[in-house]
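Enquirer: The numbers in our numbering rise by one with no breaks, and the one at position 64 of the sequence shown is 263.
Backbone N, C-alpha and C fix where the C-beta goes; we use that ideal spot for every residue, glycine too.
Since the model is a prediction, treat every value here as computed from it, not as a measurement.
Before I ask anything, let me first share the structure, which is written out below as structure tokens.
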Amino acid sequence: MRLLPLAGAGLAALLSACASLPEAPPALSGRLVVSVAASAEGPAKGFNAAFDLLGDAQRGRLDLSTPLGPRLGTASWAPGEAVLDDGRTTRRYPDLGSLAQDLLGERMPLQALPDWLRGRPWPGAAHTVTADGFDQLGWTLDTSRLADGLLLASRAAAPAMTLRVRLTGGAS
């Protein structure tokens, strides 16, 4: 009989520990368009894809597909590594910025994307609140239409870049 109260206390401790596990952020999906303006270093570039995003700045996966549906590739990341798999080759990078540099020809703060798509600054860098959103990492984010599923991010530094996102799934 003495074991029953101890077992109950142990079970309660176990259940309370399970209840305090951090909740994974919900998946996000939608369409994104990245535009890089022409500069002295090269011509204008653009990228248009449907996406599914799981995770956060530390660990995650970004699946990209063409507007018509075929898979373009998957970017996945964990501390100290980012991987791009296009179905034919797998390339490894030290971080998401290097992956973006290879993919787009420009560094882009992809580690901030999970937070930005949820309408909040990435906690890994300072930010300034603006009338329509916030500025962070050299980018201006307009979150004023996020309730409608729209996010606009722009970088004025050369070459100028624009990110337009239409969310179709997930919570902001």
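Can you tell which of 367, 261 and 306 has the C-alpha that lies nearest to the C-alpha of residue 234?
Expert: In the sequence shown, the residue the question calls residue 234 occupies position 35. With distances taken between Cα atoms, residue 234 lies closest to 306.
Enquirer: Can you name the residues that DSSP bridges to residue 372?
Expert: No information on residue 372 is available, as it lies outside the stretch 200 to 371 that the chain covers here.
Enquirer: Look at residue 271 and residue 364 and say whether their C-beta atoms are less than 7 Å apart.
Expert: Translated into the one-based positions of the sequence shown, residue 271 becomes position 72. Translated into the one-based positions of the sequence shown, residue 364 becomes position 165. Going by C-beta atoms, residue 271 is not nearer than 7 Å to residue 364.
Enquirer: If you count every other CB in all the chains shown that lies within 10 Å of the CB of residue 216, and 16 or more means buried, which is it?
Expert: The residue given as residue 216 occupies position 17 in the sequence shown. Residue confidence for residue 216 is low, a pLDDT of 46 falling below 50, so the modelled location carries little weight; the figure read from the coordinates is stated next. With fewer than 16 other Cβ atoms within 10 Å, it is exposed.
Enquirer: Could you tell me which of 342, 341, 285 and 352 sits nearest to residue 308, measuring between CA atoms?
Expert: Translated into the one-based positions of the sequence shown, residue 308 becomes position 109. With distances taken between Cα atoms, residue 308 lies closest to 352.
Enquirer: For a test of the three-state rule: what should DSSP assign to residue 277, helix, strand or coil?
Expert: Taking the sequence shown and counting its residues from 1, the one referred to as residue 277 is at position 78. Strand.
Enquirer: For residue 248 versus residue 263, is the C-beta spacing smaller than 7 Å?
Expert: Translated into the one-based positions of the sequence shown, residue 248 becomes position 49. Translated into the one-based positions of the sequence shown, residue 263 becomes position 64. In this structure, residue 263 lies closer than 7 Å to residue 248 by Cβ.
Enquirer: So the candidates are 243, 228 and 224; which of them puts its Cα closest to the Cα of residue 361?
Expert: As a position in the sequence shown, residue 361 is number 162, starting the count at 1. Looking at the Cα atoms, 243 is the closest of the given residues.
Enquirer: Hey, residue 227 and residue 366 are a contact pair by Cβ (cut 8 Å); roughly how many whole angstroms apart?
Expert: Mapped onto the sequence shown, residue 227 falls at position 28. Mapped onto the sequence shown, residue 366 falls at position 167. Confirmed, Cβ separation roughly 6 Å.
Enquirer: Cβ atoms of residue 296 and residue 276: under 7 Å apart, would you say?
Expert: Here residue 276 refers to the residue found at position 77 when the sequence shown is read from its first residue. Here residue 296 refers to the residue found at position 97 when the sequence shown is read from its first residue. Cβ atoms of residue 276 and residue 296: not closer than 7 Å.
Enquirer: What residues are listed by DSSP as bridge partners for residue 341?
Expert: For the purposes of this step, residue 341 is taken as the residue at position 142 of the sequence shown. BP columns for residue 341 point to 332 and 351.
Enquirer: What is the C-beta distance between residue 336 and residue 324, in whole angstroms, given that I count them as a contact (C-beta under 8 Å)?
Expert: Residue mapping note: residue 336 aligns to position 137 of the sequence shown, counting from 1. Residue mapping note: residue 324 aligns to position 125 of the sequence shown, counting from 1. Sure, about 5 Å apart at Cβ, within 8 Å.
Enquirer: Within a Cβ cutoff of 6 Å, which residues of the same chain sit near residue 334, ignoring the five residues on either side of it in sequence?
Expert: Taking the sequence shown and counting its residues from 1, the one referred to as residue 334 is at position 135. Only 327 meet the Cβ criterion.
Enquirer: Could you spell out the range, first to last residue, of the alpha helix (DSSP H) harbouring residue 297?
Expert: Here residue 297 refers to the residue found at position 98 of the sequence shown. Here the alpha helix (DSSP H) through residue 297 covers 295-303.
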